[in-house]
Amino acid sequence: MTLNELETIKLETIKLEQLTHDFFILALVVLVFFAYLFSLIKNPELRPWRRRPAQNLAKWLEIATGKLVPFAQARIRAEIEAHYAEAVKSHQDTGLSETNAQAVALADLGNAYAAARKYRREFLTDKESGLITKKLNLLRGNVPVNIWIQRFLFVIAIMLNVVDLFEPKTVQISRVLLLGSLLLTYFFWNKLHRRAREWASQKTTSAVLGWLIMLVGMEGLYSATLWASILYAPIYEGRLSGNLDNPAGVFTFIINTSVYAIVVIGQLVVVVQALRLRRKLQSADAGEIDLPPQNPSVA
Amino acid sequence: MIGFMNFKGSLPTLILQNLRGGPNHGYRIAQDIKQTSKGVLDFKEGTLYPALHGLEAKKLITSSTRMENGRERRYYKLTEKGRKTLAREREEWLVFSGAISGILKEAT
Numbered sequence: 000m001t002l003n004e005l006e007t008i009k010l011e012t013i014k015l016e017q018l019t020h021d022f023f024i025l026a027l028v029v030l031v032f033f034a035y036l037f038s039l040i041k042n043p044e045l046r047p048w049r050r051r052p053a054q055n056l057a058k059w060l061e062i063a064t065g066k067l068v069p070f071a072q073a074r075i076r077a078e079i080e081a082h083y084a085e086a087v088k089s090h091q092d093t094g095l096s097e098t099n100a101q102a103v104a105l106a107d108l109g110n111a112y113a114a115a116r117k118y119r120r121e122f123l124t125d126k127e128s129g130l131i132t133k134k135l136n137l138l139r140g141n142v143p144v145n146i147w148i149q150r151f152l153f154v155i156a157i158m159l160n161v162v163d164l165f166e167p168k169t170v171q172i173s174r175v176l177l178l179g180s181l182l183l184t185y186f187f188w189n190k191l192h193r194r195a196r197e198w199a200s201q202k203t204t205s206a207v208l209g210w211l212i213m214l215v216g217m218e219g220l221y222s223a224t225l226w227a228s229i230l231y232a233p234i235y236e237g238r239l240s241g242n243l244d245n246p247a248g249v250f251t252f253i254i255n256t257s258v259y260a261i262v263v264i265g266q267l268v269v270v271v272q273a274l275r276l277r278r279k280l281q282s283a284d285a286g287e288i289d290l291p292p293q294n295p296s297v298a
Numbered sequence: 000m001i002g003f004m005n006f007k008g009s010l011p012t013l014i015l016q017n018l019r020g021g022p023n024h025g026y027r028i029a030q031d032i033k034q035t036s037k038g039v040l041d042f043k044e045g046t047l048y049p050a051l052h053g054l055e056a057k058k059l060i061t062s063s064t065r066m067e068n069g070r071e072r073r074y075y076k077l078t079e080k081g082r083k084t085l086a087r088e089r090e091e092w093l094v095f096s097g098a099i100s101g102i103l104k105e106a107t
């Protein structure tokens with residue numbers, strides 16, 4: 000094989016690599032776009048043009064508490080209904096008609112969408128409750144497949160990073176740190192998960208919740224590190240800077256940087272959500288969580 | 000009415016201060032704060048309850064329900080931890096507002 004042929008093969012390989020990167024990034028952009036579109040289709044109230052102010056108390060409560068678990072919904076409804084009734088009576092005492100008193104009392108409650116955002120920060124949502132049930136089922140040994148997916152992804156992440164690490168070029172400190180974090184979080188997550196499974200099969204509700212709180216925090220951290228490790232190679236690797244000499248290079252740079260920013264923000268969101276769920280679980284009443292039946296065979 | 004951004008972070012402290020006088024329910028807490036501040040501190044009452052739940056989650060207050068005129072009412076009560084937090088925050092606020100007032104007086 001001549002030197003020219005070798006050079007051609009090398010150039011073709013680089014082209015193929017670039018093509019893979021571009022395809023991956025394009026796929027990610029399309030995925031994010033369709034995820035947003037899907038969320039708009041699934042949740043009509045997310046559409047900005049559909050957000051009309053609540054016309055009565057029933058609608059206000061529906062918007063403000065719609066996504067919360069029944070336990071939280073019942074508590075907020077009882078409080079707001081009592082609050083509203085007293086406010087209407089108080090306004091009527093000042094000489095307002097019933098209709099006007101109701102309108103003022105409703106306006107005093109404020110924007111239902113803003114209240115809904117605040118309630119979702121403090122109370123367990125339906126989505127989170129479903130997630131907790133899934134995790135508890137997992138702890139009870141009923142759905143072990145999720146764990147195998149997590150472990151499979153761990154192997155992929157290690158392979159992606161280790162292969163690039165041994166390429167004859169400057170070793171990236173960020174990649175070494177990422178790999179170290181991945182190994183460490185996997186170790187703790189795996190260890191914690193085994194212990195939690197043993198406990199969940201035997202102990203009382205409060206003990207199960209205690210393990211769940213630890214597990215949710217650890218999983219958030221592990222998940223963020225895992226996805227950072229998987230996405231690091233195709234997005235960051237050699238492409239972030241782009242070639243800024245021509246418009247196509249500038250375009251690539253903008254797209255790559257944007258996607259990388261989305262990935263970083265996405266990881267932060269995962270961690271923040273896990274921490275929020277952990278905080279909610281810490282203050283949750285046992286009645287708020289639907290615990291699945293125990294499975295003594297796991298222990 | 001004071002700017003929303005200036006008042007937002009102070010609501011939990013004002014709730015704790017209100018509960019210092021004894022157990023109270025949401026509507027009364029909201030009215031007390033508005034009346035005591037002579038309408039300067041106004042807020043949307045629907046957002047009072049997440050703040051109350053946040054304080055309860057931090058164990059600064061506790062809650063219990065009572066029946067009143069055939070309706071269930073939730074009463075909130077200050078805990079010992081809440082009392083200590085309030086004392087600390089009051090102290091910090093007095094020092095802070097004293098310093099700002101001093102500077103503003105000097106400027107006029």
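Chains as they are written, first to last, in numbering that gives the first Met the number 0: chain A, 0 to 298; chain B, 0 to 107.
For every residue, glycine included, the Cβ atom is placed at its ideal position computed from N, Cα and C.
If you're wondering where the values come from, they're calculated on a predicted model, not measured in any experiment.
Keeping to the same chain, check which residues put their C-beta closer than 7 Å to that of A:Gly237; ignore five residues upstream and five downstream.
Because the pLDDT at A:Gly237 is just 48, under 50, the model does not fix this residue reliably, and the value given afterwards should be weighed accordingly. Cβ within range, chain order: n/a, list empty.
Using a cut-off of 9 Å between C-beta atoms, extract the partners of A:Phe122 located in chain B.
Pro49 and His52
Grab me the residues of A:Arg120's own chain with a C-beta within less than 8 Å of its C-beta, minus the 5 sequence neighbours each way, in chain order.
Arg275
With distances taken from CA atoms, which of A:Leu108, A:Ile229 and A:Leu182 is nearest A:Ala86?
A check of alpha carbon separations from A:Ala86 across A:Leu108, A:Ile229 and A:Leu182 identifies A:Leu108 as the nearest.
When you compare only the Cα positions, how much space is there between B:Gly45 and B:Asp31?
Answer to the nearest angstrom: the Cα atoms are 15 Å apart.
Any beta carbon from chain A within less than 8 Å of B:Gly25's own beta carbon?
yes
Beta-carbon contacts of B:Ile14 that lie in its chain and below 7 Å, excluding the five residues immediately before and after
Cβ neighbours of B:Ile14 within its own chain (closer than 7 Å, five residues either side excluded): Ile28, Ala50, Leu51 and Leu54.
Can you check which of these residues, A:Arg150, A:Lys88, A:Leu178 and A:Ala53, is closest to A:Leu159 by C-alpha distance?
A:Leu178
The region 94 to 128 of chain A: positions lying closer than 8 Å to chain B by Cβ:
Asp107, Leu108, Gly109, Asn110, Ala111, Ala113, Ala114, Lys117, Tyr118, Arg120, Glu121 and Phe122
Rounded to whole angstroms, what's the CA-CA distance from A:Asn42 to A:His192? Just pull it up for me.
34 Å
So which residues on chain B does A:Ala53 lean against when the C-beta distance must stay under 8 Å?
Here the premise fails: no neighbours, minimum Cβ distance about 10 Å.
Please list the terminal residues of the continuous alpha helix (DSSP H) segment that includes A:Thr124.
From DSSP, A:Thr124 is part of no alpha helix (DSSP H); its letter is neither H nor E.
Could you give the first and the last residue of the continuous alpha helix (DSSP H) run that contains A:Glu80?
Pro69 to Asp92
Helix, strand or coil at B:Ser62 [DSSP, three-state]:
strand
Given this structure, state the Cα-to-Cα distance separating B:Arg72 from B:Leu47, to the nearest angstrom.
15 Å
Partner residues on chain B for A:Glu78, Cβ-Cβ distance less than 7 Å:
Gly25, Tyr48 and Arg73
To the nearest angstrom, report how far apart A:Tyr83 and B:Lys33 are at their CA atoms.
One alpha carbon belongs to A:Tyr83, the other to B:Lys33, and they sit about 16 Å apart.
Proximal chain A residues relative to B:Lys43, where beta-carbon distance stays under 8 Å:
Asp107, Leu108, Gly109, Asn110, Ala113 and Ala114
Distance cutoff 8 Å, beta carbons only. Does B:Arg65 sit that close to anything in chain A?
Answer no: the Cβ-Cβ gap between B:Arg65 and chain A never drops below 8 Å.
Under a CB-based cut-off of 8 Å, is A:Ile62 close to chain B?
Residue contact check for A:Ile62 against chain B: no CB pair falls below 8 Å.
A:Ile341 versus chain B: which residues are under 7 Å apart at the beta carbon?
Only positions 0 to 298 of chain A appear in the structure, and residue 341 of chain A is not among them; the question remains open.
Can you tell me the Cα-Cα spacing of B:Lys58 and B:Lys43, whole angstroms?
24 Å
Compute the distance between the beta-carbons of A:Phe122 and A:Ala195, then report whether it is under 8 Å.
no
Contact with chain B by A:His82, beta-carbon distance below 8 Å
yes
Name the chain B residues that come within less than 7 Å of A:Ala86, Cβ to Cβ?
Tyr26
Using a C-beta cutoff of 8 Å, does A:Ser282 count as contacting chain B?
Chain B places a beta carbon closer than 8 Å to that of A:Ser282, counting this residue as a contact.
B:Lys76 lies in the beta strand (DSSP E); which residues open and close that run?
Arg70 to Leu77
Among A:Val269, A:Tyr221 and A:Ala115, which has the Cα closest to the Cα of A:Arg76?
Of A:Val269, A:Tyr221 and A:Ala115, the residue nearest in Cα terms is A:Ala115.
Between A:Trp226 and A:Lys66, what straight-line distance do the alpha-carbon atoms span, to the nearest angstrom?
28 Å
Could you tell me whether the Cβ of B:Ala86 comes closer than 8 Å to any Cβ of chain A?
Interface criterion not met: the Cβ of B:Ala86 is under 8 Å from no Cβ in chain A.
Closer than 7 Å by C-beta to B:Pro22: which residues in its own chain qualify, once you throw out the five before and the five after it? Chain order, please.
Closer than 7 Å at the Cβ level, and outside the excluded window around B:Pro22, lie Tyr74, Tyr75 and Lys76.
For A:Glu218, which residues in the same chain have their Cβ closer than 7 Å to its Cβ, ignoring the five residues on either side in sequence?
Within the same chain, A:Glu218 has close Cβ partners Trp188 and Ala273.
By the three-class DSSP mapping on this structure, what secondary structure does A:Arg245 have?
Looking at the sequence shown, residue 245 of chain A is not Arg but Asn. Coil, per DSSP.
Looking at the secondary structure, which residues open and close the alpha helix (DSSP H) in which A:Lys58 lies?
Leu56 to Thr64
Using beta-carbon positions only, say whether A:Leu211 and A:Ile131 come within less than 8 Å of one another.
yes
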